[in-house]
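As they're listed, the protein sequences go chains A and Y. Residue numbering for the first sequence is 29 to 572, as defined by my numbering. Residue numbering for the second sequence is 226 to 347, as defined by my numbering. Virtual Cβ for every residue (Gly too), placed ideally from N, Cα, C. Note that the structure is predicted; figures quoted are calculated from it, not measured.
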Amino acid sequence: MSTAATPFPRSADRRSALDRAHIGDIHGAFGSVECYDTGPRLTRRRQLRTMLAILGPGLIVMAADKDAGTMSVFAQAGQEHGMELLWVLVVLAPLLYVSQEMAARLGAVTGTGHARLVLERFGRLWCAFSLTDLLILNFAILVTEFIGVALSLSYFGVSRYLAVPLAAAALIVVSATGNFRRWERAMYALILADVGVVALALIARPSPSTISSGLVPAVDHGAATPMLLLLIALIGTTLTPWQIFFQQSNVIDKRITSRWLAYERIDTAIGTAVFILAAGAILIACAAAYAHVGPRTGFTDAADIARGLDAHLGRAAGAIFAIALLNASMLGAAAVSLSSSYATSEVLGVKHSLHRSFTDARVFHGCFATFIVIAACTVLIPGAPLGVITTHVQALAGILLPCTLVLLLLLCNDAQLLGPLTNPRWLNVAGALAVATILGLSTMLTLTTIFPAVGLRDTLYVTLALLIAATAVIGLTMARAQPHERFDGGLTPWERKTWTSPMLERLAAPASSPARTLGLAMLRGYTTVMVVLLLARLVTLLAR
Amino acid sequence: MPNPQRPLAPITPLHQDVAERLADAMFALATPSRLQILASLRAGPLTVSQIIHEVGMEQSAVSHQLRVLRDHAVVSVERRGRERVYTLRDGDVSALLDHAYRHVLALMGGDAGDARARREAS
Numbered sequence: 029m030s031t032a033a034t035p036f037p038r039s040a041d042r043r044s045a046l047d048r049a050h051i052g053d054i055h056g057a058f059g060s061v062e063c064y065d066t067g068p069r070l071t072r073r074r075q076l077r078t079m080l081a082i083l084g085p086g087l088i089v090m091a092a093d094k095d096a097g098t099m100s101v102f103a104q105a106g107q108e109h110g111m112e113l114l115w116v117l118v119v120l121a122p123l124l125y126v127s128q129e130m131a132a133r134l135g136a137v138t139g140t141g142h143a144r145l146v147l148e149r150f151g152r153l154w155c156a157f158s159l160t161d162l163l164i165l166n167f168a169i170l171v172t173e174f175i176g177v178a179l180s181l182s183y184f185g186v187s188r189y190l191a192v193p194l195a196a197a198a199l200i201v202v203s204a205t206g207n208f209r210r211w212e213r214a215m216y217a218l219i220l221a222d223v224g225v226v227a228l229a230l231i232a233r234p235s236p237s238t239i240s241s242g243l244v245p246a247v248d249h250g251a252a253t254p255m256l257l258l259l260i261a262l263i264g265t266t267l268t269p270w271q272i273f274f275q276q277s278n279v280i281d282k283r284i285t286s287r288w289l290a291y292e293r294i295d296t297a298i299g300t301a302v303f304i305l306a307a308g309a310i311l312i313a314c315a316a317a318y319a320h321v322g323p324r325t326g327f328t329d330a331a332d333i334a335r336g337l338d339a340h341l342g343r344a345a346g347a348i349f350a351i352a353l354l355n356a357s358m359l360g361a362a363a364v365s366l367s368s369s370y371a372t373s374e375v376l377g378v379k380h381s382l383h384r385s386f387t388d389a390r391v392f393h394g395c396f397a398t399f400i401v402i403a404a405c406t407v408l409i410p411g412a413p414l415g416v417i418t419t420h421v422q423a424l425a426g427i428l429l430p431c432t433l434v435l436l437l438l439l440c441n442d443a444q445l446l447g448p449l450t451n452p453r454w455l456n457v458a459g460a461l462a463v464a465t466i467l468g469l470s471t472m473l474t475l476t477t478i479f480p481a482v483g484l485r486d487t488l489y490v491t492l493a494l495l496i497a498a499t500a501v502i503g504l505t506m507a508r509a510q511p512h513e514r515f516d517g518g519l520t521p522w523e524r525k526t527w528t529s530p531m532l533e534r535l536a537a538p539a540s541s542p543a544r545t546l547g548l549a550m551l552r553g554y555t556t557v558m559v560v561l562l563l564a565r566l567v568t569l570l571a572r
Numbered sequence: 226m227p228n229p230q231r232p233l234a235p236i237t238p239l240h241q242d243v244a245e246r247l248a249d250a251m252f253a254l255a256t257p258s259r260l261q262i263l264a265s266l267r268a269g270p271l272t273v274s275q276i277i278h279e280v281g282m283e284q285s286a287v288s289h290q291l292r293v294l295r296d297h298a299v300v301s302v303e304r305r306g307r308e309r310v311y312t313l314r315d316g317d318v319s320a321l322l323d324h325a326y327r328h329v330l331a332l333m334g335g336d337a338g339d340a341r342a343r344r345e346a347s
């Protein structure tokens, strides 16, 4: 204990909260931190204890990111292309960390969830857009998670009519207990079994030289088109809008404030490392398992991968993959559905916290249960077109991601919200580049999904043209957004570190900028056109 | 004259769950706009449009804050035809407002404020 604890500045004491349960002591799975704790962390031991208590949102979001869809795509990459796509993980790691750090920072400093911040700073129209995007996409992803549950348990011979309802019931019970610590411990238990996939890479025993060869991007001209599609799918399943909504709300619900931002960043970094290790292990194991097996035939589904690993690497490998798939699907379902119910309740203004029981926060837990039940029922419909749904979900995620990222970047430049903790310039440049790249890649994915007949080269030209236009608009928007009130208020280091947004209703209205409005409207227009095209294709596919 | 600050029943020791519930109730009162809405309801039940007129806030803001108040069981709502009529849940909410008002007035204006508050309360 320090002798003279520094008091929190007034802004931190009067922290804005949408739910009273968001204010108070942190009760993590591995420890607690009192809300009045301002003591410095001088010894390694204390730093470690604090870290263990804060650890959670970043780790859970990243572990949940390695969900059923991601596992299938990385397994497919290993099966069909060996180690060739391993380098994608090296590129994805910083992207993943940077976007999640921004969301975590917004949550810790403002105390307001992402959906609600969009409502407050961009108005009802934009909130309606991003909330419907999120809910539709999350529902589709949730369906893929339950497909994952069904596939993984079918490997062990369990009927999906038993597996899916049981999984759904377990998810609802765990979140509705009204005890944050218990919820987090349940998530950790899932993560533990989930990271078992790292053992697959050890079982596969790949040679270091093949791994290092995979870390260098190489273009095999013969197989360029399918590889590019897979590359886009890898990015599309790794970066999804729900992660941003989930981590921001979960940081708030865990009661992490700006004072603990440094620890939350480490949490996010640990999560990123876990994701990269686990995804890499799946890719490496599948590459090793299928390396000596005839021609690299088409990928069917994740259960097939488990049987393949069983055949080529031994029984243990198949079982590890199937168990990891089950846990990853459960984690993914929990996090995706929570991001929906957090966002809905934030916008409605009703109680929304894992600290509250079912009876105390009916709308929040009711939303969660409804989403889970509907998705579970969809999977159980006999003859439901699950394969078509899965492939289109990736395309939809790719289309909707740029909108979310642009809103995230703009929010992180809002000096009213983040004060001294707004994005540094390099982060904005990196963020804009990432948005442009994802916009380009997702456009290519969409175009190839919708018009399979069009060649890759034509798609590339169209995409480049679109990309240049979009980059110009976003660049203009960012440039215009920059000069306005840059925050510097002669703060002490402690005040900077604990800076907290004022109460939502005391914030001045955001400065309206025509460039920003134009940029956002263009982005929205593009998104709408792409979604309509995608839906048209889906309908024609289903009508056949 | 009974001392209005004396509690009805001893609330110490305060159980953790009860403390959380109390904090929830106070949270509902902890935003200026919600206090303005509650104050307007002290005179009697009002429709949404009447509340908007009384407090001079935007419709969306009023609806939002009313939803928070309803979620925390501070106000109750009743449908009358096509309109929704809002009322303070009970006299205790009104008393909470009175006491908070008097407390703040005392801090602001010392004895003078206190006297004024007492005059208004009676």
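### Task
Can you check DSSP and say which residues form a bridge with E303 (chain Y)?
Sequence index remark: in the second sequence, residue 303 (chain Y) carries index 78 (1-based). Under the DSSP definition of a beta bridge, E303 (chain Y) partners with Y:V310.
#### Entry: Assigned secondary structure, L446 (chain A) (DSSP; H/G/I helix, E/B strand, else coil)
Within the first sequence, numbered from 1, the residue matching residue 446 (chain A) stands at position 418. Correct three-state label for L446 (chain A): helix.
### Query
Taking three-plus beta-carbon pairs below 8 Å as touching, is the region 292-305 of chain A in contact with the region 114-132 of chain A?
yes
### Query
G553 (chain A) by DSSP, collapsed to three states: which one?
Taking the first residue of the first sequence as position 1, residue 553 (chain A) is located at position 525. G553 (chain A) falls in the helix class under three-state DSSP.
### Cβ pair G56 (chain A), L80 (chain A) closer than 8 Å
Locating residue 56 (chain A) in the first sequence gives position 28, where the first residue counts as 1. Locating residue 80 (chain A) in the first sequence gives position 52, where the first residue counts as 1. Yes; because the gap between Cβ atoms is below 8 Å, this pair is in contact.
### Task
Take V26 (chain A) and list the residues in its own chain whose beta-carbon comes closer than 7 Å to its own, dropping the five residues that flank it on each side.
Lying before the first or after the last residue shown, residue 26 (chain A) is absent from chain A, which here runs from 29 to 572.
### Query
In the DSSP assignment, what are the bridge partners of T272 (chain Y)?
Residue numbering aside, residue 272 (chain Y) sits at position 47 when the second sequence is read from its first letter. Answer is Y:V310, bridged to T272 (chain Y).
### Query
What's the call for T237 (chain Y), buried or exposed, on a 16-neighbour Cβ count within 10 Å?
Here residue 237 (chain Y) corresponds to residue number 12 of the second sequence, with the count starting at 1. When all chains shown are included, T237 (chain Y) counts as exposed.
### Message
Could you check whether L435 (chain A) and V137 (chain A) sit closer than 8 Å to each other, using their CB atoms as the reference points?
### Response
If you number the first sequence from 1, residue 137 (chain A) lands on position 109. If you number the first sequence from 1, residue 435 (chain A) lands on position 407. Between V137 (chain A) and L435 (chain A), the gap from beta carbon to beta carbon reaches 8 Å or more.
### Task
Starting from I312 (chain A), follow the beta strand (DSSP E) in both directions and report where the run begins and ends.
Sequence index remark: in the first sequence, residue 312 (chain A) carries index 284 (1-based). Taken as a continuous stretch (DSSP letters only), I312 (chain A) belongs to no beta strand (DSSP E), being part of the alpha helix (DSSP H) at 289-318.
### Beta carbon proximity, V146 (chain A) to chain Y, threshold 8 Å
In the first sequence, residue 146 (chain A) corresponds to position 118, counting from 1. No, its Cβ sits nowhere closer than 8 Å to a Cβ of chain Y.
### Query
Under a three-way DSSP split, which group does H55 (chain A) fall into?
Here residue 55 (chain A) is taken as the residue at index 27 of the first sequence, counted from 1. The answer is strand: DSSP assigns H55 (chain A) an E or B state.
### Proximal chain A residues relative to A248 (chain Y), where beta-carbon distance stays under 7 Å
Your numbering for residue 248 (chain Y) matches position 23 in the second sequence. Correct list: R48.
### Query
Which word fits S4 (chain A), buried or exposed, when buried means at least 16 other C-beta atoms lie within 10 angstroms of its C-beta?
Shown here, chain A extends from 29 to 572; a query on residue 4 (chain A) therefore has no answer.
### Message
Given this structure, state the Cα-to-Cα distance separating T34 (chain A) from A331 (chain A), to the nearest angstrom.
### Response
As a working note, residue 34 (chain A) is residue 6 in the first sequence. As a working note, residue 331 (chain A) is residue 303 in the first sequence. Taking the straight line joining both Cα atoms gives about 56 Å.
### Query
Does the region 373-387 of chain A touch the region 197-212 of chain A, meaning 3 or more C-beta pairs lie closer than 8 Å?
Contact between the region 197-212 of chain A and the region 373-387 of chain A is present, because at least three Cβ pairs lie under 8 Å.
### Query
Does any residue of chain A bring its CB to less than 8 Å from the CB of T256 (chain Y)?
What you label residue 256 (chain Y) is simply residue 31 of the second sequence in a count that begins at 1. Flagged as an interface residue toward chain A: T256 (chain Y), by a C-beta distance shorter than 8 Å.
### Message
Quick check on R152 (chain A) - is its C-beta less than 8 Å from some C-beta in chain Y?
### Response
To locate residue 152 (chain A), count along the first sequence from 1; it is residue 124. Put simply, the CB of R152 (chain A) is near chain Y, with a gap under 8 Å to one of its CB atoms.
### Message
If we define contact as Cβ-Cβ less than 8 Å, is M550 (chain A) a contact residue for chain Y?
### Response
Reading the first sequence from its first residue, position 522 is the one you call residue 550 (chain A). Chain Y, which has no Cβ nearer than 8 Å to the Cβ of M550 (chain A), makes this no.
#### Entry: Burial state of Y370 (chain A), where buried means 16 or more other Cβ atoms lie within 10 Å
In the first sequence, counting from the first residue as 1, residue 370 (chain A) sits at position 342. Buried, by the Cβ-count rule.
### Query
By DSSP, does S60 (chain A) sit in helix, in strand, or in coil?
Taking the first sequence and counting its residues from 1, one reaches residue 60 (chain A) at position 32. The answer is strand: DSSP assigns S60 (chain A) an E or B state.
### Message
Once DSSP output is grouped into helix, strand and coil, what is the label at G518 (chain A)?
### Response
Within the first sequence, the letter at position 490 stands for residue 518 (chain A). Three-state result, G518 (chain A): coil.
### Interface flag, R292 (chain Y) vs chain A, CB-CB below 8 Å
In the second sequence, residue 292 (chain Y) corresponds to position 67, counting from 1. Closer than 8 Å to some Cβ of chain A, the Cβ of R292 (chain Y) qualifies, so yes.
### Query
Applying the criterion that 16 or more other CB atoms from any shown protein chain within 10 Å of the CB defines a buried residue, is V378 (chain A) buried or exposed?
Here residue 378 (chain A) refers to the residue found at position 350 when the first sequence is read from its first residue. The residue in question, V378 (chain A), is buried, as its Cβ has 16 or more Cβ neighbours within 10 Å.
### Task
Throw me the rounded Cβ distance for the P270 (chain Y) and Y311 (chain Y) pair, which I believe falls under 8 Å.
For the purposes of this step, residue 270 (chain Y) is taken as the residue at position 45 of the second sequence. For the purposes of this step, residue 311 (chain Y) is taken as the residue at position 86 of the second sequence. Indeed they touch by this definition, with Cβ atoms about 7 Å apart.
### Message
When you compare the CB positions of A352 (chain A) and G176 (chain A), do they come within less than 8 Å of one another, or not?
### Response
Position 324 of the first sequence, counting from 1, holds the residue named residue 352 (chain A). Position 148 of the first sequence, counting from 1, holds the residue named residue 176 (chain A). Contact flag unset, no.
### Task
Could you check the C-alpha separation between A306 (chain A) and V401 (chain A) for me, to the nearest Å?
For the purposes of this step, residue 306 (chain A) is identified with residue 278 of the first sequence, where counting begins at 1. For the purposes of this step, residue 401 (chain A) is identified with residue 373 of the first sequence, where counting begins at 1. One C-alpha to the other measures close to 29 Å.
### Task
With DSSP collapsed to three states, give me the class of I284 (chain A).
As a working mapping, residue 284 (chain A) is identified with position 256 in the first sequence. Residue state, collapsed to three classes: coil.
### Query
From G576 (chain A) to D338 (chain A), what does the alpha carbon distance come to, in whole angstroms?
Since the first residue of chain A shown is 29 and the last is 572, residue 576 (chain A) is not available in this structure.
### Message
For L467 (chain A) and H420 (chain A), I'd like the C-alpha separation in whole angstroms.
### Response
Working through the first sequence from its first residue, we reach residue 467 (chain A) at position 439. Working through the first sequence from its first residue, we reach residue 420 (chain A) at position 392. Cα to Cα, L467 (chain A) sits roughly 17 Å from H420 (chain A).
### Task
Determine whether the Cβ of G206 (chain A) lies closer than 8 Å to any Cβ atom of chain Y.
As a first step, residue 206 (chain A) is located in the first sequence; it is residue number 178 there, counting from the start. Taking 8 Å as the CB threshold, G206 (chain A) stays off the interface with chain Y.
#### Entry: Nearest-angstrom Cα separation, counted from L254 (chain Y) out to L260 (chain Y)
Counted from its first residue, the second sequence places residue 260 (chain Y) at position 35. Counted from its first residue, the second sequence places residue 254 (chain Y) at position 29. So the alpha carbons of these two residues sit roughly 6 Å apart.
### Task
Note down the Cα distance separating D47 (chain A) from A250 (chain Y), rounded to an integer number of angstroms.
The count along the first sequence starts at 1 and reaches residue 47 (chain A) at position 19. The count along the second sequence starts at 1 and reaches residue 250 (chain Y) at position 25. Answer to the nearest angstrom: the Cα atoms are 11 Å apart.
### Query
Comparing alpha-carbon positions, which option in A:R572, A:L87, A:A543 lies nearest Q276 (chain A)?
Taking the first residue of the first sequence as position 1, residue 276 (chain A) is located at position 248. When only C-alpha atoms are compared, the closest one is A:L87.
### Message
Suppose contacts are defined by Cβ-Cβ distances below 8 Å. Is F102 (chain A) in contact with L341 (chain A) by that definition?
### Response
Taking the first sequence and counting its residues from 1, the one referred to as residue 102 (chain A) is at position 74. Taking the first sequence and counting its residues from 1, the one referred to as residue 341 (chain A) is at position 313. Going by C-beta atoms, F102 (chain A) is not nearer than 8 Å to L341 (chain A).
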